[in-house]
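Those sequence lines, one after another, are chains A and D.
If you read the first sequence in the working numbering, its first letter stands for residue 1, the second for the next number, and so on.
If you read the second sequence in the working numbering, its first letter stands for residue 1001, the second for the next number, and so on.
A short write-up of the structure that comes next.
2 protein chains.
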Amino acid sequence: MQINPYYAELPANYLFRDIELRVNAYLAHHPDERLLRMGVGDVTRPLPRVIVDAMHTAAEELAHADTFRGYCPENGYQWLQQRIIDSFYRPRGICFEPDEVFIGEGAGSDLGNLSELFDQKNTVAILDPTYPAYVDANIMAGREIVFIPCMKENAFVPELPKKPVDIIYLCFPNNPTGVVLTHDQLRLWVEYAREHKSIIIFDAAYEAFVSEPGIPHSIYEIEGAKEVAIEVHSFSKSAGFTAVRCGYTVVPYETGLQAMWMRRQCTKYNGTAYIAQRAAEATFTPEGQKGIADNLNYYRETATVIMDGLKHMGYEVYGGTNAPYIFCRAPHGWDSWTFFDHLLQQCQVVCTPGIGFGRCGEGFVRFSAFSKREDCIAALVRMKEKI
Amino acid sequence: MQINPYYAELPANYLFRDIELRVNAYLAHHPDERLLRMGVGDVTRPLPRVIVDAMHTAAEELAHADTFRGYCPENGYQWLQQRIIDSFYRPRGICFEPDEVFIGEGAGSDLGNLSELFDQKNTVAILDPTYPAYVDANIMAGREIVFIPCMKENAFVPELPKKPVDIIYLCFPNNPTGVVLTHDQLRLWVEYAREHKSIIIFDAAYEAFVSEPGIPHSIYEIEGAKEVAIEVHSFSKSAGFTAVRCGYTVVPYETGLQAMWMRRQCTKYNGTAYIAQRAAEATFTPEGQKGIADNLNYYRETATVIMDGLKHMGYEVYGGTNAPYIFCRAPHGWDSWTFFDHLLQQCQVVCTPGIGFGRCGEGFVRFSAFSKREDCIAALVRMKEKI
């Protein structure tokens, strides 16, 4: 047996695993320190009652013969597919059939697995900096990757590829920079994809943080996007589902890929947990919507606290307005890991080094507003004193 | 963009999707008929109370700030990994480190995704008949497949490959034939893999149904297997988790693949639902073990009822003793789909056609003992009257 040769081209550890190892090494030598975690983009607010009650009800159904259920449909229950269409897409004037909406156990898996649908020889365009899983999944598949630089000079807004590409990963509101695109800016990408017969994989994991008008929540708000875009959503960031595990991926019939993705999911996926689907359904109730909005507002306010605090200390910051992430330039001309290490060692603050998201992230770190408010405030105080 | 060219080589539908479509077509014309479902291997018994209570507790934890949890570790919580080692492997004299046991959302996903670890040029050996996902996942990956025939002539026990192969999928107790291997029979495969430097992917989804002595529950009961075997387990069939979604895959350090699989999971998987992991943990409590054993005994007795009933009517049957499946030769020289259609149209019984599992399954159908007892008995009565 020969192993997949492309794994040798990967960095040894996945970024967040790498950070975890460094943090654990620090804690091994400082067991009594309490860390202020602003690194991984993981939610911290408890779930609204109506969602937890939906999980209780679903769990209880599995305890009784007359309500017991087995395998769920590989692409999800139609009551959830329809609810997503009716609640998220229809109010934006966008329509889908239930079979175009694939319920899954999270955006991370789908973003990785979608690449299986395409020829290995396809060229992939990925923003730099970016969520590292796009890159790693395509390295594993042996594909050529073209990085689209997003830098201070272009306000972290990507320019169209200089040479033709086949597959384009976009994520807006962006991780890690927190930058958003306007309708006009996103339209350029849809037009590019239509002209070059490319496919856009649009990661909409952070759409719920869009709070300003004129910023698209879905790529399908752009005319013609159905033919060239797959959109990946997660309940993780919008509804705090990182432990619950539910997301969805829209593969419009017009892409010509819906049947392939259905075939992939029926072969390699046995459906999303019933309890998670009922929990996702409950997010669309009035009480669920209110609870989610309260949590999102908490995170938004935290983002503002972090942004204002950093600006007040003279830091150069991006994002944070329509996104839960603040991208912050390191002081003193430090590189990302130097700033990371100073924050960890001096302030017991965990951030994410910008270089972990790509070369153009060098010299920056990402702060997450999903962290506890009091930890963020304490972190700012320590940074003021010690950096 | 070019699509993955190998998808064109797949049958249009995944087997169970195909059956679902045929059944739905029948129901569309006979809306008042109640079908007796003995097709898909899906459990029907409710979950034991201690498991449901564990899910309630876990759900409730997510409702409160002081007990809320976010992302679970990509390879699972150590308390579950250790529990599996202590409860399943250690009593059999087998030892693992927690990091060799990867918690996942089900065996189906892992069985499909594991193939990513290997070079595309590797040759794959797959039993015929077999669980169709092994075949389809490797067709999607563009690999050459060598089928190992399992036929009546060899009592459905596979012989070693005639030419060297790199990757070997084995499933015992077998799906669909219900046949098991003895220690000596399984040892031949481990020795083959060691000699040819092959890797065995051992699907142990049905191990809980082994009730006779001398039949291995794990391939690691065979000396030297740790160097050449990955073992995939599911709580779906053993504990009725098809809607809960939890399983685990053991990748021993000795295979040289543990770090690769960790890398794969950290990149393309964001961890198994917390509630599912707590439910899995509860299966190992005394009350959980008793509840599971009661359900398994119910299914075992159903298997005996089906076997005896079919034998009594003169059918030629295999499996059913250490497995939840009965593989039954079609009467009158019919092929699989003809028998399937007669059972559906004349008896309103749903089975799974043997040809769906491979060419050597032609002329057989699979009955599942996961079905409701009264449905199985009713099905036998109708078969006696109408076939």
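The beta-carbon is built from N, C-alpha and C at its ideal position, and this holds for glycine as well.
Query                                                                                                                                                                                 : Result
Among 1378/D, 1012/D, 1320/D, 1371/D, which has the Cα closest to the Cα of residue 1172/D?                                                                                           : 1320/D
Measuring only the C-alpha atoms, how far is residue 217/A from residue 95/A?                                                                                                         : 15 Å
Where does residue 1319/D sit, in a helix, a strand or coil, going by DSSP?                                                                                                           : strand
In the DSSP assignment, the alpha helix (DSSP H) including residue 1332/D goes from what residue to what residue?                                                                     : Segment: none, residue 1332/D is in no alpha helix (DSSP H) and carries neither H nor E.
With contact counted as at least three CB pairs below 8 Å, one residue from each stretch, are the segment 1284 to 1298 of chain D and the segment 1349 to 1368 of chain D in contact? : no
I need the straight-line Cα distance from residue 17/A to residue 1266/D, nearest angstrom please.                                                                                    : 8 Å
Got a sec: is the Cβ-Cβ distance from residue 219/A to anything in chain D below 9 Å?                                                                                                 : no
Applying a beta-carbon distance threshold of less than 9 Å, which residues of chain D neighbour residue 163/A?                                                                        : What residue 163/A touches in chain D: nothing, since even the nearest Cβ is about 15 Å away.
Within a Cβ cutoff of 6 Å, which residues of the same chain sit near residue 1225/D, ignoring the five residues on either side of it in sequence?                                     : 1190, 1219
Does residue 268/A get closer than 9 Å to chain D when you measure Cβ to Cβ?                                                                                                          : yes
Consult DSSP for residue 198/A and reduce its assignment to one of helix, strand or coil.                                                                                             : coil
Determine the direct distance from the alpha carbon of residue 1029/D to that of residue 1117/D, and round the result to whole angstroms.                                             : 46 Å
Report yes or no: do the segment 1229 to 1236 of chain D and the segment 257 to 265 of chain A share at least 3 C-beta pairs separated by less than 8 Å?                              : no
Hey, how far is the Cα of residue 1210/D from the Cα of residue 1204/D?                                                                                                               : 11 Å
Which same chain residues end up closer than 7 Å to residue 1277/D when comparing Cβ atoms and leaving out the 5 residues on each side of it in sequence?                             : 1072, 1076, 1077, 1080, 1103, 1246
List the DSSP bridge partners of residue 233/A.                                                                                                                                       : 248/A
Per DSSP, what are the beta-bridge partners of residue 169/A in this structure?                                                                                                       : 126/A, 201/A
For residue 353/A, which residues of its own chain have a beta-carbon under 6 Å away from its beta-carbon, when the five flanking residues on both sides are left out?                : 336, 337, 340, 365
Using CA atoms only, rank isn't needed, just tell me which of 1049/D, 1025/D, 1215/D is closest to residue 1322/D.                                                                    : 1215/D
Which same chain residues, not among the five before or five after residue 408/A, have their C-beta less than 7 Å away from its C-beta?                                               : In the structure displayed, chain A extends from 1 to 387; residue 408/A sits before or after that span and is not available.
Buried or exposed, going by whether 16 or more other CB atoms sit within 10 Å of the CB of residue 158/A?                                                                             : buried
Can the beta-carbon of residue 43/A be found less than 9 Å from the beta-carbon of residue 357/A?                                                                                     : no
For residue 227/A, which of 212/A, 198/A, 238/A has the nearest alpha-carbon?                                                                                                         : 198/A
Mind listing, in chain order, the continuous beta strand (DSSP E) runs of no fewer than 3 residues lying wholly within the segment 88 to 160 of chain A?                              : 101 to 104, 123 to 128, 144 to 149
Bridge partners of residue 1324/D, per DSSP?                                                                                                                                          : Paired residues: none, contrary to the question.
Confirm, please, whether the CB-CB distance from residue 183/A to residue 221/A is below 9 Å.                                                                                         : yes
Taking the C-alpha atoms as reference points, what is the distance between residue 1235/D and residue 100/A?                                                                          : 30 Å
Just to confirm, are residue 7/A and residue 1108/D a CB contact at a threshold of 9 Å?                                                                                               : no
Are any of the Cβ atoms in chain A nearer than 9 Å to that of residue 1013/D?                                                                                                         : yes
Using the Cβ count rule (16 or more neighbours within 10 Å means buried), how would you classify residue 1140/D?                                                                      : buried
Helix, strand or coil, according to DSSP, for residue 1046/D in the structure here?                                                                                                   : coil
Are residue 349/A and residue 382/A close, meaning C-beta to C-beta below 9 Å?                                                                                                        : yes
Just to confirm the assignment: which complete alpha helix (DSSP H) runs, minimum length 4, are found wholly within the segment 1 to 60 of chain A?                                   : 15 to 29
For residue 35/A and residue 23/A, I'd like the C-alpha separation in whole angstroms.                                                                                                : 9 Å
Who does residue 352/A pair with in a DSSP beta bridge?                                                                                                                               : 366/A
Quick check: is the beta carbon of residue 1198/D nearer than 9 Å to any beta carbon in chain A?                                                                                      : yes
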